[in-house]
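Q:
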Amino acid sequence: MSQEILLVGRPNSGKTTLFNRLAGTNQKVGNYAGCTVEKKTSIVTSPEGIEFELTDLPGMYSLKPNTMDEEVALKHLDSMRSTAYLVFVVDGNNLEQELILPLLLHHRGLTVAIAVNMMDEVSENGKSINTDALRTRTGIEFFPLSAKTGDGVEALKNHILSKTRPKNPRAVLAPSVLQMPEEQFRLAHKEAKAESKRLSLACVTQGLDNRLLRRDLRIDGIILHRLFGPVLFFAIMFVVFQSIFTWASPLSDGILFFISKAQEVVRSNVGAPLLSSLLSDGILAGVGAVLAFVPQIGILFLLIGILEYSGYLPRVAYMVDRVMKPFGLDGKVFIPLLSSVACAVPGIMATRTIENERTRITTIMISPLMTCSARLPVYTLLISTFVPAARVWGLSLPGLVMFAMYLLGTVTALVVALILHLTSSNKKKNVIDMIHLPHYRTPDWKLLLRYVWGRISVFLRKAGTVIAGMAILLWVLLSFPRDEAFRASMENNLKTANAEQKEQIQNQIAAKDLENSIAGKTGKFLEPVFRPIGYDWKLTIGILSSLAAREVFVSTLGTVFSLGKVEGHEEGLSATLRAQKTEDGKLKYTLATCLSLLVFFAFSLQCISTIGVARRETNSWKIPATMFVYMFTLAYTAAFIVYQVSSLLLK
Amino acid sequence: MTLLEAPFRSQLRVLSLTGLSEEARMVLLQLGVEPGEALEKMHVAPLGDPLTIRIGEQLFTLRKEVCGLIEVES
Ligand SMILES: Nc1nc2c(ncn2[C@@H]2O[C@H](COP(=O)(O)OP(=O)(O)O)[C@@H](O)[C@H]2O)c(=O)[nH]1
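If you read the sequences in order, they're chains A and B.
Just so you know, we're using my numbering here: the first sequence kicks off at 282 and counts up by one.
Just so you know, we're using my numbering here: the second sequence kicks off at 104 and counts up by one.
Here you go:
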């Protein structure tokens, strides 16, 4: 069995940076059992060939947890207490505070070494730390280093990988640190604190001027300024939003362009029609559906990385905390929710920056309610088809409806958050809502790129496979079985047809294929379910196929109504929709149908990519299944009320 | 006076944390907020809540309702 080495430390102590240095590219990302807390491990091998398992524990302040994630870290630490080697990463700038926990655990008998990180900043700050004296006084190994520059990391690495490193003799018998009675903990803490004070008086030479803190305060004076702070905040949030909303789309289009070229190559080179269709429309399209998210994720995490490493991200959380507080949320949910206005996939991935599991899951659950860009083609089609281009108080009615849809999504998301807050047990909430504001720093490009690549590769490996799999499955359901006899007879007609007829025939074939497919039959079968909210089987098929991605609703309607490809010229589809009649000659689709569809799309989780990424981020199907069910119920109920009421009113 | 009423940018000493739950006191204890320790109130967020507090050489934000339960003196 390999020996465990745990990296322990406060948030922002530089644990992750050090972990990356020690582990290199050999990293595994998983989850702690039964929860969404990310577990990062790596197998490191010593020159003699001994294997060590290095784990980067979630950040924690001490033995009485404040957040769910701290609790998970503590439990893991406690279960390993007699065997694991604990490497504490402490911020050398704040030694007196940060030594308390490792000293306390050392006193309890755990095997501890201390990496005094940020030594570059310590000397910049005019301080010095005598680690030799610390070592002799405590008997603990101290390693001065800088995870950022790499200085001193080698010495730590050689030490933890050596066979001869000392073990606390009391480790085997070390009592649980979690179940320490309150009084005993207070005493132990007091003792460790006193020792830490003595140690830092003896071994730390204070700089005269506290340069770093004073610089932080000066910058805060501007960045958190009552007037300038919010202005800068809106400017930066605008850039973040624009970047995923608009800047990513040329890149996604580029990827989809390559996919479509590859599809053409397959179609013209693979003879067997079924195989060719499976390769191009099934597999390549599924892969494309996944790859198309990569630019958004890459750009968003590049920006989040810059904001986080520079120290601005926690300050964003600080500034918006007040807005989120009434809904039982905190400032950290802002960026994930903002990202979800572009797309819930990167939005849900961004919830990684939230340290409390309950808040993180709440945010994941409400993210898909934010009005994402995939809803826009659906909203645009519906509004332009059915909402009269009238003016209300000088404003265009279609514009107002569109605005109302954005508002509806946001308000509903916050209300759902509030309900989840009111119904969840106190145990899962933070004891105290606090945010650590780290020093302002210039981001390190290498770290940043590694961070971005880490997110992208996790997405591709863990979520991508699920999403591509579901996309391919959905394609099969929408394409098979085919009515081969009908196809054969139509293809006969094709031979004699002119160009215009040809297109018509092909559109008819596509419509018939869809109608005959499993999904098509399911749509017909489910028609009674959707009739109370105003949909016939054609709209129902649209709803089913839009599970692939909401905007697919539009192209599916194009196919169902034998119009072929409608992207870019939706007027034809609009006219067709408006002209549909029921058997008794009345208009089939009305404003009531439109409103019902609008609220249905606002609330329903019509997106397998979101489902896939939620499954990856929560490590089980439970949360995505819950999301799908609650959103569908909400969507159906709201659509029912809207359809019935507006049908009455509009008569 | 409470931390909420205390003046900005002046050295304060914690007197008591009564009114806070046992768990909350533990969390604060670990941050270095306990009777006898020094702290300083630095900023208030643009919307009036939370506040930034300097504890040792680090900055933390605390919400108003917590600050209102921390008794301090200058
Ligand atoms: N100056 C300096 N910055 C560091 C050092 N180690 C980490 N950082 C920075 O400190 C911040 C927090 O680091 P991170 O590894 O994410 O901390 P974690 O929360 O403990 O995992 C990042 O901006 C790092 O770039 C160091 O040795 N020197």
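Think of the CB as a built atom: it goes at the ideal place given N, C-alpha and C, for glycine as much as any other residue.
Please read these numbers as outputs of a predicted model, since none were measured by experiment.
Could you check the C-alpha separation between residue 899 (chain A) and residue 317 (chain A) for me, to the nearest Å?
A: The residue given as residue 899 (chain A) occupies position 618 in the first sequence. The residue given as residue 317 (chain A) occupies position 36 in the first sequence. Their Cα atoms are separated by approximately 5 Å.
Q: Inspect the beta-carbon positions of residue 621 (chain A) and residue 651 (chain A) and report whether they are closer than 7 Å.
A: As a position in the first sequence, residue 621 (chain A) is number 340, starting the count at 1. As a position in the first sequence, residue 651 (chain A) is number 370, starting the count at 1. Yes, the Cβ-Cβ distance between residue 621 (chain A) and residue 651 (chain A) is below 7 Å.
Q: Among A:714, A:518, A:873, whose alpha-carbon lies nearest the alpha-carbon of residue 667 (chain A)?
A: Locating residue 667 (chain A) in the first sequence gives position 386, where the first residue counts as 1. The residue with the shortest Cα to Cα distance from residue 667 (chain A) is A:873.
Q: With 7 Å as the threshold, decide whether the Cβ of residue 109 (chain B) is near any Cβ in chain A.
A: Position 6 of the second sequence, counted from the start, is the residue given in the question as residue 109 (chain B). So, not an interface residue.
Q: Compute every distance between the C-beta of residue 435 (chain A) and the non-hydrogen atoms of ligand 1, then say whether any falls below 6 Å.
A: Indexing the first sequence from 1 puts residue 435 (chain A) at position 154. Not so, every heavy atom of ligand 1 lies at least 6 Å from the Cβ.
Q: Please report how far the alpha carbon of residue 808 (chain A) lies from the alpha carbon of residue 816 (chain A), in whole angstroms.
A: Position 527 of the first sequence, counted from the first residue, corresponds to residue 808 (chain A). Position 535 of the first sequence, counted from the first residue, corresponds to residue 816 (chain A). In a straight line, the C-alpha of residue 808 (chain A) is about 7 Å away from that of residue 816 (chain A).
Q: May I have a chain-ordered list of the alpha helix (DSSP H) segments no shorter than 4 residues that lie completely inside the region 867-929 of chain A?
A: 872-884, 889-899
Q: Is the beta carbon of residue 598 (chain A) closer than 7 Å to that of residue 716 (chain A)?
A: Position 435 of the first sequence, counted from the first residue, corresponds to residue 716 (chain A). Position 317 of the first sequence, counted from the first residue, corresponds to residue 598 (chain A). In this structure, residue 598 (chain A) lies closer than 7 Å to residue 716 (chain A) by Cβ.
Q: Taking one C-beta from the region 365-381 of chain A and one from the region 467-485 of chain A each time, how about it: are there three or more such pairs within less than 8 Å?
A: yes
Q: What does the alpha-carbon distance come out to for the pair residue 893 (chain A) and residue 905 (chain A)?
A: Locating residue 893 (chain A) in the first sequence gives position 612, counting from the first residue. Locating residue 905 (chain A) in the first sequence gives position 624, counting from the first residue. Answer to the nearest angstrom: the Cα atoms are 8 Å apart.
Q: Using three-state DSSP, classify residue 425 (chain A) as helix, strand or coil.
A: Stepping through the first sequence from its first residue, residue 425 (chain A) is reached at position 144. Here residue 425 (chain A) sits in strand by DSSP.
Q: Where do the ends of the beta strand (DSSP E) carrying residue 311 (chain A) lie?
A: Mapped onto the first sequence, residue 311 (chain A) falls at position 30. From DSSP, the beta strand (DSSP E) with residue 311 (chain A) extends over 309-312.
Q: How do the region 422-431 of chain A and the region 392-400 of chain A stand: do at least 3 beta-carbon pairs fall below 8 Å, yes or no?
A: yes
Q: Report all residues from its chain with a CB closer than 7 Å to the CB of residue 166 (chain B); omit the five preceding and five following residues, and keep chain order.
A: Walking along the second sequence from the start, residue 166 (chain B) turns up at place 63. The answer, listed in chain order, is 152, 153.
Q: For residue 127 (chain B), return the contacting residues in chain A, with the cut-off set at a CB-CB distance below 8 Å.
A: Along the second sequence, one-based indexing puts residue 127 (chain B) at 24. The answer, in chain order, is 712, 713.
Q: Return the bridge partner residues of residue 155 (chain B) from the DSSP annotation.
A: Counted from its first residue, the second sequence places residue 155 (chain B) at position 52. Residue 155 (chain B) is bridged to B:146, B:164.
Q: Beta-carbon separation of residue 543 (chain A) and residue 560 (chain A) under 7 Å?
A: As a position in the first sequence, residue 543 (chain A) is number 262, starting the count at 1. As a position in the first sequence, residue 560 (chain A) is number 279, starting the count at 1. Cβ distance not < 7 Å, so residue 543 (chain A) and residue 560 (chain A) don't count as in contact.
Q: Contact criterion: CB-CB distance below 7 Å. Does residue 378 (chain A) meet it with respect to chain B?
A: Taking the first sequence and counting its residues from 1, the one referred to as residue 378 (chain A) is at position 97. Taking Cβ atoms only, chain B reaches closer than 7 Å to residue 378 (chain A), which makes this a yes.
Q: Should residue 159 (chain B) be flagged as near chain A, meaning a C-beta pair shorter than 7 Å?
A: Indexing the second sequence from 1 puts residue 159 (chain B) at position 56. Chain A places a beta carbon closer than 7 Å to that of residue 159 (chain B), counting this residue as a contact.
Q: Using DSSP with H/G/I as helix, E/B as strand and the rest coil, what is residue 490 (chain A)?
A: Residue mapping note: residue 490 (chain A) aligns to position 209 of the first sequence, counting from 1. Reduced to three states, the DSSP call for residue 490 (chain A) is coil.
Q: Closer than 7 Å between beta carbons: that is the criterion. Which residues of the region 396-412 of chain A meet it against chain B?
A: none
Q: Can you list, in chain order, the residues of the region 491-515 of chain A whose Cβ is nearer than 9 Å to any Cβ on chain B?
A: 491, 493, 494, 497, 498, 501, 502, 505, 506, 507, 508, 510, 511, 514
Q: CB residue 326 (chain A) to CB residue 366 (chain A), shorter than 7 Å?
A: The sequence position of residue 326 (chain A) within the first sequence is 45, counting from 1. The sequence position of residue 366 (chain A) within the first sequence is 85, counting from 1. No, Cβ-Cβ distance for residue 326 (chain A) and residue 366 (chain A) is not below 7 Å.
Q: Around the Cβ of residue 464 (chain A), are there at least 16 other Cβ atoms within 10 angstroms (buried) or fewer (exposed)?
A: Along the first sequence, read from residue 1 onward, the residue named residue 464 (chain A) stands at position 183. Classification of residue 464 (chain A): exposed, given that the 10 Å Cβ count is below 16.
Q: Would you tell me roughly how many angstroms separate the C-alpha atoms of residue 927 (chain A) and residue 804 (chain A), rounded to the nearest one?
A: For the purposes of this step, residue 927 (chain A) is taken as the residue at position 646 of the first sequence. For the purposes of this step, residue 804 (chain A) is taken as the residue at position 523 of the first sequence. Approximately 24 Å between the Cα atoms of the pair.
Q: Quick one: is residue 859 (chain A) near chain B, going by C-beta distance under 7 Å?
A: What you label residue 859 (chain A) is simply residue 578 of the first sequence in a count that begins at 1. For residue 859 (chain A), the answer is no, since every Cβ of chain B falls outside 7 Å of its Cβ.
Q: Does any residue of chain A have a CB that is nearer than 7 Å to the CB of residue 138 (chain B)?
A: The sequence position of residue 138 (chain B) within the second sequence is 35, counting from 1. So, not an interface residue.
Q: Measure the C-alpha to C-alpha separation of residue 585 (chain A) and residue 721 (chain A) and round it to an integer number of angstroms.
A: Numbered from 1 along the first sequence, position 304 holds the residue referred to as residue 585 (chain A). Numbered from 1 along the first sequence, position 440 holds the residue referred to as residue 721 (chain A). Those two C-alpha atoms are separated by around 15 Å.
Q: Cβ of residue 433 (chain A) within 6 Å of any heavy atom in ligand 3?
A: As far as ligands go, the structure on display features ligand 1 and does not contain ligand 3.
Q: List the residues of chain A whose Cβ lies closer than 7 Å to the Cβ of residue 133 (chain B), in chain order.
A: As a first step, residue 133 (chain B) is located in the second sequence; it is residue number 30 there, counting from the start. Think of a sphere of 7 Å around the beta carbon of residue 133 (chain B): the chain A residues whose beta carbon falls inside it are 342, 343, 345, in chain order.
Q: Check whether the region 699-708 of chain A and the region 326-340 of chain A are in contact - that is, three or more C-beta pairs closer than 8 Å.
A: no
Q: Quick check on this structure: which residue in A:842, A:867, A:864 has the alpha carbon closest to the alpha carbon of residue 855 (chain A)?
A: For this step, residue 855 (chain A) is matched to residue 574 along the first sequence. For residue 855 (chain A), the nearest C-alpha among the options comes from A:842.
Q: Quick one: does residue 165 (chain B) have its CB under 7 Å from some CB of chain A?
A: The residue given as residue 165 (chain B) occupies position 62 in the second sequence. Chain A, which has a Cβ nearer than 7 Å to the Cβ of residue 165 (chain B), makes this yes.
Q: Kindly list, in the order they appear in chain A, the residues whose Cβ is closer than 8 Å to that of residue 148 (chain B).
A: Position 45 of the second sequence, counted from the start, is the residue given in the question as residue 148 (chain B). Those within 8 Å of residue 148 (chain B) in chain A are 505, 599, 600, 602, 603.
Q: Between the C-alpha atoms of residue 301 (chain A) and residue 591 (chain A), what's the straight-line distance to the nearest angstrom?
A: Reading the first sequence from its first residue, position 20 is the one you call residue 301 (chain A). Reading the first sequence from its first residue, position 310 is the one you call residue 591 (chain A). So the two alpha carbons sit approximately 18 Å from each other.
Q: Counting only Cβ pairs nearer than 9 Å, list the residues of chain B close to residue 374 (chain A).
A: Translated into the one-based positions of the first sequence, residue 374 (chain A) becomes position 93. Neighbours of residue 374 (chain A) on chain B, chain order: 160, 161.
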